[in-house]
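Accompanying notes for the structure given below.
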Amino acid sequence: MSHVRLEAWIGGEWLEVDAVSVSVKEAALTLSFERQKSESGYRNLIWEPLERFLREYREEPVVVVPLGRSLPVMFGPGAAGPFRLSEISDS
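Using the numbering used here, the first residue of the sequence shown is number 27, and each one after it goes up by one.
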């Protein structure tokens with residue numbers, strides 16, 4: 027069986043994304059990402075909301091949390107990405 031996941035280009039490699047967050051007026055808004063079984067489902071549930079989120083908060087620094095990593099990565103306003111969808115097989 028295979029799954030589709032969201033990846034971000036961080037530190038010279040593609041890493042799976044666990045969450046994307048932004049702080050606005052003393053509150054943090056966070057999108058978290060789960061692997062999906064189909065690309066179409068992923069586009070509707072993850073990709074399109076991520077695009078809207080990045081567009082809406084393009085004036086704010088964005089934090090990307092790679093899956094399984096303890097250190098998040100902060101991007102300046104409008105600098106987050108690139109992101110991509112990647113299909114992986116469960117072995």
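Glycine included, each C-beta is placed from N, C-alpha and C at the ideal position.
Straight-line Cα distance separating residue j from residue i
i	j	result
ALA34	GLU65	16 Å
GLU60	ARG31	7 Å
ALA45	MET27	24 Å
LEU80	LEU97	21 Å
ILE72	LYS51	25 Å
GLU86	SER58	18 Å
GLN62	ARG69	10 Å
Per-residue DSSP class, three states only, for residue i
i	result
LEU71	helix
GLU85	coil
PHE59	coil
Nearest-angstrom beta carbon gap, residue j and residue i [assumed within contact, 8 Å]
i	j	result
GLY107	ARG84	About 11 Å separates the two Cβ atoms, so there is no contact after all.
MET100	VAL89	5 Å
Same chain, Cβ closer than 6 Å to residue i, five either side skipped, listed in chain order
i	result
SER112	ARG31 and GLU33
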